[in-house]
Structure formats: C-alpha cells, structure tokens
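See below for the structure under consideration.
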Amino acid sequence: MARELPQWAQQELGKMGIDDTSAFNDELYGPIADRKSGLRRDDLVEILLDARSLAGEIDPWIRGRLVSSHKSSIEILDDEGRFRAIAREVVVEVRLIVHTRPLYIDDEELMTYERSEARRRSEIQEQVEKLASNSHESHQWG
72 MARELPQWAQ
82 QELGKMGIDD
92 TSAFNDELYG
102 PIADRKSGLR
112 RDDLVEILLD
122 ARSLAGEIDP
132 WIRGRLVSSH
142 KSSIEILDDE
152 GRFRAIAREV
162 VVEVRLIVHT
172 RPLYIDDEEL
182 MTYERSEARR
192 RSEIQEQVEK
202 LASNSHESHQ
212 WG
C-alpha cells in the first residue's frame with residue numbers, strides 16, 4: 072500500500088530526479104536474511120528536536136534529506152535548502168519518510184564512491200607523510 076508523501080518530500084524527490092522509490096522500501100517481515108531496514112544516506116526524514124533545546128517559538132521538526140550521520144551529529148539538507156548539522160543529544164525522534172537509495176550493501180554507486188574516496192584519502196596521506204619525511208620535523212637526533 073503506497074502512502075501519499077508530504078509535499079516537501081515530493082519536491083525533493085523531483086530535485087533528485089527520482090520518480091519511483093518502491094525498489095528501496097524496507098522489508099520488515101519474513102526470513103531474517105531477507106529483511107532490509109535502517110536509515111540510509113539521502114533518505115528523506117523528519118527529525119523531532121527536544122523542545123527544551125530550542126529558543127522561542129521555533130518549530131521542533133526539521134524535514135529534509137539525510138546527508139550523513141556521525142557519532143555525535145546528524146547532517147541534513149533541510150526542506151528550505153539549508154545544510155544543518157544537528158547534535159544527536161537534542162534529537163528525540165527520526166521519522167523515515169522515504170528511502171531514495173538501495174540498502175547499503177546493494178548500493179553499487181555508493182560502494183564505488185567510497186572505494187574511490189578511500190583511495191584518494193590514502194594518496195593524500197602518502198603525500199603528507201612524504202612531505203613530512205623531507206622536512207626538518209622528521210629529523211632524527213642522536
């Protein structure tokens with residue numbers, strides 16, 4: 072049963088060029104090996120913030136696309152196009168509106184990106200180490 076998405080989510084899917092998200096749905100029932108669930112990069116979500124952490128009459132709901140998730144923060148591109156980093160300690164609830172990507176293990180585009188990013192970081196680290204070994208900072212005394 073398909074549910075109607077909020078207007079902001081429909082607009083974001085349009086910006087992302089996604090017409091059909093049915094292939095990305097969670098599988099919550101059946102054999103454990105066939106189940107698929109959990110938040111993913113680029114998911115459209117609604118985040119409820121702890122009202123005690125807000126000043127004045129600020130809406131406690133943030134709606135948008137999940138950019139990344141870290142140990143202490145969640146990064147989101149909100150429905151007004153603003154990048155926001157939110158401390159996990161003020162998050163009360165995260166509601167999944169719709170997945171926009173396959174499950175992590177099935178996401179070939181994301182896996183390819185992460186491999187190339189790991190290579191790039193490794194090359195940068197090698198360059199830094201090479202520069203450091205040619206500087207006075209690596210001079211060995213004695």
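Quick note on this note's numbering: the sequence shown kicks off at 72 and runs consecutively.
Positions of the beta carbon are idealized from the N, C-alpha and C atoms, including for glycine.
Give me the Cα-Cα distance between residue i and residue j, rounded to the nearest whole angstrom.
i	j	result
E75	D149	20 Å
M87	A203	42 Å
A156	I145	6 Å
M72	S93	The pLDDT assigned to M72 is 43, lower than 50, so where the model puts this residue is not dependable, and the model offers no usable value.
D121	G127	13 Å
I168	R134	9 Å
S139	I195	22 Å
P173	N205	45 Å
A158	S143	6 Å
Measure the CB-CB distance between residue i and residue j and report whether it falls below 7 Å.
i	j	result
I118	V165	yes
E98	R106	yes
E83	R153	no
T171	D113	yes
V161	S124	yes
For the alpha helix (DSSP H) holding residue i, just list the boundary residues, first then last.
i	result
I195	179 to 204
Ends of the beta strand (DSSP E) at residue i?
i	result
G85	Taken as a continuous stretch (DSSP letters only), G85 belongs to no beta strand (DSSP E), being part of the alpha helix (DSSP H) at 78 to 87.
S144	144 to 149
Determine the DSSP secondary structure at residue i, reduced to helix, strand or coil.
i	result
G159	Per the sequence shown, the amino acid found at residue 159 is Arg instead of Gly. Helix at R159.
I133	strand
D105	helix
R112	coil
R153	coil
R123	helix
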